[in-house]
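What follows is one structure encoded as structure tokens, with my remarks underneath.
Residue numbers (the numbering used here), protein chains in the order written: chain A, -10 to 345; chain B, -10 to 345.
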């Protein structure tokens, strides 16, 4: 291949072989070379073969840029995150990337860091690249303003994020359903005094998870005891502190705690351990997020609700393609969570006996 | 703006206004419209103003694709990760994105998931998009094969990753220097029996950090005691287990432990706590990575070596631009780490006295 390049197919340095180089080396006109490579027009098979062989030898590849000018599709989409790409958005973006790259679509990644001006610049840049569609993802405190009006008509999917716009399509996990899975599991294990220790109520996810918790208790004929619903921050320290409140002198303690995330759940298990309260024998614990690092390092490992972020990312990719193909989609779609059961709710499996 | 669009500047649906639309509405030729928008040629100021006003009204933006065909630069670069984008690569990629987007360069993100075939496909796709340069990042087990030969001549920077190719440019953290910071700090605090509990030796980072640990001890006239260097896996469970070995009956225990990462360090502190050994009074602990979630949740919070991943990402962006501008850069560059000091080495600050 280097030999072929030295024959003149490549310019010096990093020049890329062009259709002109192919034509020159195949001793045909540029129009003929183009026809041969696009399987268009009428040519002698011999000529076509020669052009294709030369193109392969010198490493010519058709210019996507030039093609996309005629094709009306750039085969690119953009992703804008209003937050840095983190623990939640990453699995989503990876799954989305997998879904789209299989279809030959490349992804521009933009981080707008919650700065509207930076978002606008990114959007302008992406529109200048003639993207076919856009995915917007975010930290999920609450609804966000729809993407700028200059994107009018562009297919947009909001994922792990909701646009404050009824005509937009938003894909989010079903937080309420996730809570129901956790509470149903604990009730199924015989627990009746189930507390919920969670994050800040300004997060819609916190409000939805609380609603799911209360609805699931009610469905089992149980009520949330006063003092069993505690909001704080998303940290282990808050989980540890909450144990002090739930197990204060005179309080009737819970026999299970459903935590708003895995960090809180881990803090709960640590503080219970410090007090000599056994997990799950005395108190079962369930977390939310199924974050591998947390659930596996906790003692005991945590049962947790999984938001199925990869499925959310794949779904976003598929729906974006539908929209690029002309479908009109809108509304908020909530995708199911699942429960991953570990020792913090069901205890350790009995030790296996030696074989002999 | 919608009014202007309705006047005919936009096609129905998601059509994008073209130079043709601008020319029609401004009642000039396409050539004149182009000159006016590119501030080229000789035109009456009145004509120029009219064209610019119309272009703004209908939301016309010059087509990057068409421009890049003439400019020889696509103003795009690709990033390929051989691993999924994770805790280490993400801060790097974010900083890189910030550095490049400020210069109007957009980034294609590709995840090759350690699959050479998928990497090849991504690379072909990126070359088809006529990227100006490429960044390759990876999980850092060891050197990787250089990116495929079809990228011959393309500016490539390897970051948090090393190519097995002396002509390539690789940017990595200075692991040895990071270890020296940790050991110097502990020696400065009066510790003399310093153990090192770390990850698998197949990671070059483990070997370099060990070398830095031993070199720093030697520089202070100390030696690594037999049994004070322990390798295992990158987990909290391994950190907990290592305490069992270091504090086994009959062993002379360390007065400080430098851990190969923050998860191991956290496991160490938990197991020390379980045994009633005080951190840092009896044993000081220093981690590596300065991973916020781990260092802040540990009891006490962890002193840790920070690899300055953002600086690494910015550096990668700047060097890639240098290479796109024609500089030839090669070799392995090791960027400095820093030490972030917290309670696990120096103890809690004295409680402040009430003012009155």
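Using N, Cα and C, we set each Cβ at its ideal position, and we do this for glycine too.
query, result
"Between which two residues does the beta strand (DSSP E) harbouring residue 346 of chain B extend?", "The displayed coordinates of chain B run from -10 to 345. Any statement about residue 346 of chain B would go beyond what the structure contains."
"Does residue 185 of chain A come out as helix, strand or coil in the three-state DSSP assignment?", "strand"
"For the pair the segment 329 to 336 of chain B and the segment 285 to 304 of chain B, tell me if three or more CB-CB distances fall below 8 Å.", "yes"
"Using CA coordinates, which residue listed in B:194, B:177 and B:197 is at the minimum distance from residue 211 of chain B?", "B:177"
"Report, in whole angstroms, the separation of the C-beta atoms of residue 132 of chain B and residue 101 of chain B, which I expect to be a contact under 8 Å.", "Between residue 101 of chain B and residue 132 of chain B the Cβ distance is about 16 Å, and since that is not below 8 Å, they are no contact."
"Do you know offhand how far residue 327 of chain B's Cα is from residue 44 of chain B's?", "51 Å"
"When DSSP labels each residue in this structure, what does residue 211 of chain B get in the three-state scheme?", "coil"
"Quick one: does residue 117 of chain B have its CB under 8 Å from some CB of chain A?", "yes"
"On the three-pair Cβ rule with 8 Å, is the segment 61 to 68 of chain B touching the segment 29 to 38 of chain B?", "no"
"Is the shortest distance between the beta-carbon of residue 152 of chain A and the beta-carbons of chain B less than 8 Å?", "no"
"Which residues does DSSP pair with residue 346 of chain A in a beta bridge?", "This structure does not reach residue 346 of chain A, given that chain A is present from -10 up to 345, and the question cannot be answered."
"Rounded to the nearest angstrom, what separates residue 194 of chain A and residue 248 of chain A at their Cα positions?", "13 Å"
"Which whole-angstrom value is the C-beta distance of residue 201 of chain A and residue 296 of chain A, which I expect to be below 8 Å?", "Between residue 296 of chain A and residue 201 of chain A the Cβ distance is about 13 Å, and since that is not below 8 Å, they are no contact."
"Compare the beta carbon distance of residue 69 of chain B and residue 108 of chain B with 8 Å and say whether it is the shorter of the two.", "yes"
"Give the straight-line distance between the Cα atoms of residue 125 of chain B and residue 219 of chain A, rounded to the nearest whole angstrom.", "45 Å"
"How far does the alpha helix (DSSP H) with residue 21 of chain A in it extend, from its first residue to its last?", "19 to 26"
"Count the other C-beta atoms from every protein chain shown that fall within 10 angstroms of the C-beta of residue 156 of chain A, then say buried if there are 16 or more, exposed otherwise.", "exposed"
"Residues in its own chain within less than 8 Å of residue 233 of chain B by CB, not counting five upstream and five downstream?", "260"
"Leaving aside the five residues before and after residue 245 of chain A along the sequence, list all residues of the same chain whose C-beta is less than 6 Å from its C-beta, in chain order.", "175, 180, 183 and 273"
"What does residue 93 of chain A touch in chain B if you count any residue whose Cβ is under 8 Å from its own?", "114"
"Determine the direct distance from the alpha carbon of residue 154 of chain B to that of residue 46 of chain A, and round the result to whole angstroms.", "25 Å"
"At what residues does the alpha helix (DSSP H) containing residue 120 of chain B begin and finish?", "It is not in any alpha helix (DSSP H) - residue 120 of chain B carries neither H nor E in the DSSP assignment."
"Any beta-carbon of chain A closer than 8 Å to the one on residue 96 of chain B?", "yes"
"Verify the CB distance criterion: does residue 79 of chain B have a CB-CB separation below 8 Å to chain A?", "yes"
"Within 10 angstroms of the Cβ of residue 366 of chain A, are there 16 or more other Cβ atoms? Answer buried if so, exposed if not.", "Past the boundaries of the shown model lies residue 366 of chain A; chain A is included only from -10 to 345, so the question cannot be answered."
"Does any residue of chain A have a CB that is nearer than 8 Å to the CB of residue 139 of chain B?", "yes"
"In chain order, what residues of the same chain have a beta carbon less than 6 Å from the beta carbon of residue 336 of chain B, not counting five sequence neighbours either side?", "269"
"Beta carbons nearer than 8 Å to chain A: which residues of the segment 225 to 238 of chain B have them?", "225 and 226"
"Please check the pair residue 312 of chain B and residue 146 of chain B, which I expect to be a contact at CB under 8 Å, by giving their CB distance rounded to whole angstroms.", "7 Å"
"Under 8 Å, Cβ to Cβ, is there at least one residue of chain A near residue 100 of chain B?", "yes"
"Between residue 160 of chain A and residue 322 of chain A, is the Cβ-Cβ spacing less than 8 Å?", "yes"
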